[in-house]
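*Asks:* Residue numbers (the numbering used here): 2 to 910.
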């Protein structure tokens, strides 16, 4: 349906009325691209009935512009049997013959001859039209022809100009008015809002083709449509028609349009001329022609009339676009344009870059990094490497830049790039400057050659204590990283522990290198397991020196946090981890390795506190998303999952995630941790002996490294329980007695208490009861509430089960729990009277269920642990709520003091 073309149609209808009186007319139709010239001819054909006139229609085409009488024969196709010219006919005689054929048809009824695009009508057909035009005064023929644009000088041959000059009517198609556009929008969209109509007018410029394409696309893809949707659309119909129209234009216009599509709107037309290889005069004429045609906007800056045109031209180039991008890069670089403007074209050019192109890519990468776009910087640098000679200093510098671009998104690849670059860097000082950019925790499992590079650089600078300024800062940073690479070598580890004891808590850790070194010393002290108080003091000093920031995850600060966790500073660790989670979320939105790192640390802390379900889910999810070689994350997740499995009754996700990771070819784990993982998988498979072998091997690895702190790996506790299960009670006692000695030396209450609980679990009789009592008393002063819950449960087993059975399932279901013993024991502890009141009110079975609920266990987990039905758990809980006068689980946790208020960890095999 046409809008606002009534006047133009009326002009042509009047001409048809004249034809019925025997008088013909020549009507030319002009207007910019998208104004609806072809649509107008189509509407004329549709509205002219067979009784009014014989409608003949033909279209000029560039591909057939050399075919003699091509348009004439298409117009007359099927209407005259003598289509072929007679023998010996000349072009002139054939033109006259075909003219007479058409006039003969007009003798029977008026003829409406519609010719679309005179610009590509072949010369012989144009002569035929001219001959018809000469007879229009006496012939009932109306010719309606789409005229070429006035700026298209190549289209205006003398014969065509002569033909156009004979026109009796000239129809010029104008853009639609606001009312016309509103009417068209209503036809497609019902009753659109005025803001939507204004947006359509702005984008389409009132051209019917543009507006119809926009409205069709809106109706198809965006409902309800909004003004912003209009501006974002790139209808294919506009681009397809534009490419077709462009193909009909001369080479100069096509070249200018292609250059504009490649580089975008330009204020400097000279750049387009250079790319198109045109003189300024020819280029200016081509721009004028494109504007006249309507493919370009009429403003002073060359730009397409619609963005869809530029995109379509670019897509039409396909592989031919690469040379154009090479031209664009060369022209932009020669014009002194910024590197970031040139680099995109160097990328798209396809060929390996060289010379100035490599430097442009490198400079553009630096700009992209400054604009916080490391992915774009990485693309530039990877392309630059394709053209950079191997073993050159320039290539080493590119690798360094690439390592920096990948650091936040792909630390594994970043470290690999840096290791490739280091040998090619010019000076030791240059190598040292790049070595200190390596994340500290990447040094825990150092790649081949890193330790040597760090040692050489550190030796070249000398003792940090004898240096000042930036040299001292670099030396401290190197020292911290070198010490981390040496943590698994007992001689170097012992030296680091000695430095920790000698230096104590430094007064100033405000500089990042000093902070890193202090964090490493505190971590080494923790691994050695000698003095939790001194370790906690130094670690707190490091952690509290600065507010948490996402960048801390690439420093040694997380090592200090781990030391605090081992020293029972749970609440402070929780605060730091929560702050770090928020910092990483703000910094990268939750999708980068920093976030995975923070989640891995949180998962381990949750496991250490006994929140096994939460820990397993977080560790499994993080392990799934992390690069298998990103050891700082994957290793911590594996440790967390191992603690969950060792704690007993693990969620299925824990074992599944651990097994999937272990099966990966590139899974990267420290040897001791590999044995822990294999041991836990064997435990889940029910193979106690294999599990024990792996746990013992992990312990031997720790002993060889000098890591004796049971807070890091309670391997003797785990091995003792496995030995006990295998009937080797003496070996179990020897193992747990040694671990208890180490726990006491370390001094963290939760570690001592957990060790005592395991010792009680593998010890029968009065000795077991005594150990359980000591575990409960020790854990009462710890913030590890879950460990205390487990100690209380074990004490109940030891005190009141026949023959002092050592597991909950051996407890008789209906035995009355003596209240006096527990009350007497609890008398000297906080909340003892409330504990006694609870004990007096509940049966042993009810008390066991209440304790497990207060520990955060689900009803199904309680049923599994106590080996009773789910219905029995629910009945016990109903009685507990009634007897204690509480409304539900939350109040129960407040009423059963203090053992139901936290979570911890332990091994239950």
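Beta carbons: idealized from backbone N, C-alpha and C, even for Gly.
What you are looking at is a predicted structure, and each value in this text was computed from that prediction instead of being measured.
#1: Here's the rule I'm using: 16 or more other beta-carbon atoms within 10 Å means buried, otherwise exposed. How should residue 878 be labelled?
#2: Can you tell me where the beta strand (DSSP E) holding residue 146 begins and where it ends?
#3: Report, in whole angstroms, the separation of the C-beta atoms of residue 428 and residue 325, which I expect to be a contact under 8 angstroms.
#4: Take residue 601 and list the residues in its own chain whose beta-carbon comes closer than 6 angstroms to its own, dropping the five residues that flank it on each side.
#5: With a threshold of 16 other CB atoms inside 10 Å of the CB of residue 627, please say whether the residue is buried or exposed.
#6: Is the stretch 69-80 in contact with the stretch 24-41, if contact means three or more CB pairs nearer than 8 angstroms?
#7: Quick check: what's the CA-CA separation for residue 466 versus residue 597?
#8: Quick one: using the 10 Å Cβ neighbour count with 16 as the cut-off for buried, is residue 5 buried or exposed?
#9: Let's test the definition: count the other Cβ atoms within 10 Å of the Cβ of residue 920 and tell me whether it reaches 16, buried, or not, exposed.
#10: Classify residue 392: buried if its beta carbon has 16 or more other beta carbons within 10 angstroms, exposed otherwise.
#11: Give a yes or no on whether the C-beta atoms belonging to residue 169 and residue 27 are separated by under 8 angstroms.
#12: Using only the alpha-carbon positions, how far apart do residue 899 and residue 412 sit?
#13: Say whether the stretch 164-178 touches the stretch 54-62, bearing in mind that this needs 3 or more beta-carbon pairs closer than 8 angstroms, one atom from each stretch.
#14: In the DSSP assignment, what are the bridge partners of residue 29?
#15: I think residue 706 touches residue 494, with their Cβ atoms under 8 angstroms apart; what is that distance to the nearest whole Å?
#16: Roughly how many angstroms lie between the CA atoms of residue 455 and residue 444, to the nearest whole one?
#17: Just checking my contact of residue 275 with residue 302 at CB under 8 angstroms: how many whole Å lie between their CB atoms?
#18: For residue 462, which residues from the same chain have a beta carbon less than 8 angstroms from its beta carbon, with the 5 sequence-adjacent residues on both sides left out?
#19: Taking only three categories from DSSP, how would you classify residue 133?
#20: Using the Cβ count rule (16 or more neighbours within 10 Å means buried), how would you classify residue 387?
#21: Just the Cα atoms here: how many angstroms apart are residue 514 and residue 348?
#22: Return the CA-CA distance between residue 511 and residue 561, expressed in angstroms with no decimal places.
#23: In the structure shown, what three-state DSSP assignment does residue 612 receive?
#24: So, is residue 722 buried or exposed, given that buried needs 16 or more other C-beta atoms within 10 angstroms?
#25: Report yes if the CB atom of residue 749 is closer than 8 angstroms to the CB atom of residue 567, and no otherwise.
#26: Within the chosen definition, does the stretch 204-221 reach the stretch 56-65 through at least 3 CB pairs nearer than 8 angstroms?
#27: Taking residue 277 and residue 249 to be in contact with their CB atoms under 8 angstroms, please state how far apart those CB atoms are, rounded to whole angstroms.
#28: With DSSP collapsed to three states, give me the class of residue 529.
#29: Between which residues of its own chain and residue 355 is the CB-CB distance below 6 angstroms, once the five residues before and five after are set aside?
#30: Report yes if the C-beta distance between residue 603 and residue 642 is below 8 angstroms; otherwise report no.
#31: Can you tell me whether DSSP reads residue 116 as helix, strand or coil?
#32: What's the gap between the Cα of residue 127 and the Cα of residue 161?
#33: Express the C-alpha separation of residue 855 and residue 918 in angstroms, rounding to a whole number.
#34: Which residue wins for smallest C-alpha separation from residue 517, given the options 532, 485, 492, 489?
#35: Helix, strand or coil for residue 350, going by three-state DSSP, please let me know.
#36: Quick one: what's got a C-beta closer than 6 angstroms to residue 808's C-beta in the same chain, skipping five residues either side?
*Replies:* In short:
#1: Answer is buried; the Cβ neighbour count reaches 16.
#2: Here the beta strand (DSSP E) through residue 146 covers 142-147.
#3: That pair is no contact at about 42 angstroms.
#4: Around residue 601: 623, 634, 637, 638.
#5: Classification for residue 627: buried.
#6: They do not touch, by the three-pair rule.
#7: In a straight line, the C-alpha of residue 466 is about 36 angstroms away from that of residue 597.
#8: By the neighbour-count rule (16 or more Cβ atoms within 10 Å), residue 5 is buried.
#9: The question about residue 920 has no answer, for the chain in this structure spans 2 to 910.
#10: It counts as exposed.
#11: Yes, the pair counts as a contact, with Cβ atoms nearer than the cut-off.
#12: Annotation note: pLDDT 39 at residue 899 (below 50); position unreliable, coordinate value reported separately. The alpha-carbon separation between residue 899 and residue 412 amounts to approximately 44 angstroms.
#13: They do not touch, by the three-pair rule.
#14: Residue pairing of residue 29 in beta bridges, as defined by DSSP: 146, 171.
#15: A Cβ-Cβ distance of about 6 angstroms is found for the pair residue 706 and residue 494, placing them in contact under the 8 angstroms criterion.
#16: CA-CA distance, residue 455 to residue 444, rounds to 10 angstroms.
#17: With 8 angstroms as the limit, residue 275 and residue 302 do not qualify as a contact, their Cβ atoms being about 17 angstroms apart.
#18: The answer, listed in chain order, is 433, 468, 472, 475, 476, 479.
#19: Here residue 133 carries a helix assignment [DSSP, helix/strand/coil].
#20: The residue in question, residue 387, is exposed, as its Cβ has fewer than 16 Cβ neighbours within 10 Å.
#21: C-alpha separation (whole angstroms): 39 angstroms.
#22: Spanning the two alpha carbons is a distance of roughly 15 angstroms.
#23: Residue 612: coil per DSSP, three-state reduction.
#24: So residue 722 ends up on the buried side.
#25: A contact, by the Cβ cut-off of 8 angstroms.
#26: Cβ pair count under 8 angstroms is below three, so no.
#27: With 8 angstroms as the limit, residue 277 and residue 249 do not qualify as a contact, their Cβ atoms being about 18 angstroms apart.
#28: It is helical.
#29: Excluding residues up to 5 positions away in sequence, 388 lie with their Cβ nearer than 6 angstroms to the Cβ of residue 355 in the same chain.
#30: Not a contact, by the Cβ cut-off of 8 angstroms.
#31: Strand at residue 116.
#32: Taking C-alpha positions only, residue 127 is separated from residue 161 by approximately 7 angstroms.
#33: The chain is shown from 2 up to 910; residue 918 falls before or after that span and cannot be answered.
#34: Ranking the options by Cα distance to residue 517, first place goes to 485.
#35: Correct three-state label for residue 350: coil.
#36: Low confidence applies to residue 808: its pLDDT is 39, below 50, so where it sits in the model is not reliable, and the reading given next is rough at best. Contacts found: none.
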